[in-house]
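Residues in the sequence shown are numbered consecutively from 38, following the working numbering.
Ideal Cβ positions, reconstructed from N, Cα and C, are used throughout, including at glycine.
A quick write-up on the structure given underneath.
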Amino acid sequence: MMLSNFNTLWASLVIDTLIANGIDHFFISPGSRSTPLTLAASKHPQAHCFVIHDERSAAFQALGYARWSQRAAALICTSGTAVANYYPAVIEASQDMIPLIVLSGDRPPELRDCGANQTIQQQHIFGAYVREFVEMPTPQERLAPRFVVSRLEQALFRAQAPVKGPVHINFPFAEPLTPAPAQAATEAYAAAMAQLTLPQTQYTLAAETPAFALDLKTLQQHKGLLLIGRLPPAMDKAPLLALTNALQWPTFADPLSNMRALLAETPYGISSYDLLLRQQAFKDALQDLAPAFILHLGQGFVSKALLQYLDTYLASSSPCQYIQVTQNPRPQDPNYRVHQHRVQAPDAFALQLLQGVAPRTVQANVEVAPLQPLQHQARQHIQAWAQHTEVSELSVAAWCLDMLDIPLFVGNSMAIRDIDSVLDERAPLLIGSRGTSGIDGNLAMLGGVIIGSAQPAALLCGDLTLYHDLNSLGTFRQLPAGAIVVVLNNQGGGIFSFLPVSHPQGGVDDPERVEQYFGTPHPWYFEHAAALFQLHYAQPTSRQDFQDALAQAQQRARQGQSTLIEIKTDRALNYQQHQVFYQLALT
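Laid out in structure tokens, this is it:
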């Protein structure tokens, strides 16, 4: 049956082009002006469509899917502020190089700037945070189908290379928006569409990578420090482990590198560096090590203590060369200390460096030896903390690492910092959102991870993170597997208890003002929210209770059912417990 107008024809061609280019997941929010795109996606036999009422949730769920799968996801929305609700996720995608394809319906040009309903200036609405903005013309017969495909494929290429990220394609559709007989499409145009071969244009990026200025044998002759920052979840970790064994340098790995458990099997992994950098003996041992090279593979670190140490050391050690290897060509250097920034995937770099070099025997190294007793002491303390029966935010983080056997999405603010503190050896696959480190959209991203992996996953987050994205609980019902949300509810912004504004030395000696404007107290618990969105609910008060609740939640998640586990804590007590944890670890 021939499609009946040019809006419908073009929308069909758009979806065909995306799917031919490997983009088959569509996150759609209801709306009128995007009707042609929504209908085309819903009718395509290869399209996987997810309907999400809230555009902000839709964008973050698409982001979670793309982060996990490393494949672009497409978003479809109507005109007006609908597209503006994508902005936070677009920024995160841009910062962390996640490919997103934003397809926004819009009013035609003659309805702009005249008071027409639901009409804003959507052109370049995302500013510098998209790799490319494309303003499509109003669908019309004089513009050949190959023009539509060419414009789309150029934008899709920009989302994937040379630097992955979001692109925005704006579609000004005039009425009729449904396949009405008006503006009947010609048979000749439909025939031209049928003759297209998709994809129309094959884009390739030269894979040439210049030789590294230093070879492995040269690096092996010097003292050094290996840093492994956050990595894509699916990246092959074996070459990085092989490089660690070849260099035999002390190695610090960010929790989102998913390398700590692997490094625990070597003499070189120092997993508790964030904790130990609070200890003068550890900093003295690093000073005595005097690394001539710091090799940083991957993105940034959660640890502020590490960032501060690097700044101090590099300021006083001019002979030290700081080399960073990351797929991101933008600076990843807030201290402005990097001497060489190599744009390359860390696993590919490691393979290149190892090429033709015989493996070294894994053995203790004199440079690592002074750090190992301190690391062993911290490890024993962390393991003991994981056995605590008393519920606390730190102990729950440790229990999640010990008890989960499904991927764990770690929320920002305190959750990721606590995981950094207690992550030692065993851990599930960890995922996070550290492009801008916001608390927005974390539940939606969990849903995207589950869609991308087709397996259950869990989220550890704070109460404000859950409150901020509460309506994303409603999207769990259409996931291919169940979700588990572990929320640490201290009824406010717990991280501010650790910041200078909450302490007299910060210069704000007004506890009531700090509590009102930074602690931001609230009276809510989430049992009724779980009931509203038909989630199972548990509120454990001991280690055994938590273990039982988590085991049941994981079993249900494999059956497609979701669970909210709420831990009630106290902000003031949580701060005190952290101080005890830090103090005991350093004595």
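(Q) Considering Cα atoms alone, identify which of Asn365, Gly164 and Arg297 is closest to isoleucine 135. (A) Asn365
Q: Closer than 6 Å by C-beta to arginine 379: which residues in its own chain qualify, once you throw out the five before and the five after it? Chain order, please.
A: Val362
Q) aspartate 143 bridges to which residues according to DSSP? A) Pro209
Q: Decide yes or no for the touch test of the region 106-116 against the region 133-147: beta carbon pairs closer than 8 Å, at least 3 of them.
A: yes
(Q) Measuring alpha carbon to alpha carbon, tell me which residue in Ser509, Asn58, Tyr123 and Gly529 is nearest alanine 521. (A) Looking at the sequence itself, residue 521 is isoleucine, so the reference to alanine does not match. Here the closest residue by C-alpha is Ser509.
Q. Hey, would you say alanine 322 sits closer than 8 Å to leucine 388, going by beta carbons?
A. no
Q: Put cysteine 437 into one of helix, strand or coil per three-state DSSP.
A: helix
(Q) Quick check on the burial criterion: 16 or more other C-beta atoms within 10 angstroms. Buried or exposed for valine 523? (A) buried
Q. When you compare only the Cα positions, how much space is there between histidine 85 and glutamine 177?
A. 28 Å
**Q.** When Ala99, Ser71, Thr281 and Arg93 are compared against isoleucine 488, the one with the closest alpha-carbon
**A.** Ala99
Q. Do alanine 329 and lysine 260 have their C-beta atoms within less than 8 Å of each other?
A. yes
Q: Grab the span of the beta strand (DSSP E) containing lysine 254 for me, first residue to last.
A: Not the beta strand (DSSP E): lysine 254 falls in the alpha helix (DSSP H), residues 253-257.
**Q.** Where the beta strand (DSSP E) containing arginine 379 begins and where it ends
**A.** 377-380
(Q) According to DSSP, simplified to helix, strand and coil, what is alanine 219? (A) In this prediction, alanine 219 has a pLDDT of 48, which is less than 50 and means its spatial position is unreliable; what the coordinates show is noted afterwards. DSSP places alanine 219 in coil when its eight states are reduced to three.
Q.
Under 8 Å, with one C-beta from each stretch per pair, do the region 326-340 and the region 261-279 reach the 3-pair mark?
A. yes
Q | Run of the alpha helix (DSSP H) containing asparagine 402, from where it starts to where it stops | A | Segment: none, asparagine 402 is in no alpha helix (DSSP H) and carries neither H nor E.
Q: Consult DSSP for histidine 615 and reduce its assignment to one of helix, strand or coil.
A: helix
**Q.** Distance between alanine 464 and glycine 306 (C-alpha atoms, nearest Å)
**A.** 15 Å
Q) Would you report the Cα separation of aspartate 150 and phenylalanine 170, rounded to the nearest angstrom? A) 20 Å
Q) First and last residue of the beta strand (DSSP E) that includes valine 120? A) That residue, valine 120, is in no beta strand (DSSP E); its alpha helix (DSSP H) goes 118-121.
Q: Please name the residue, chosen from Leu466, Ala48 and Gln424, that lies closest to alanine 211 on a Cα-to-Cα basis.
A: Ala48
Q | Residues that histidine 573 bridges to, as DSSP identifies them | A | Thr600
Q) Whose C-alpha, out of Leu280, Leu497, Thr600 and Phe208, is nearest the C-alpha of phenylalanine 43? A) Phe208
Q) What is the C-beta distance between asparagine 479 and glycine 448, in whole angstroms, given that I count them as a contact (C-beta under 8 Å)? A) 5 Å
Q. Looking at the unbroken alpha helix (DSSP H) that takes in threonine 72, where does it start and where does it end?
A. 72-80
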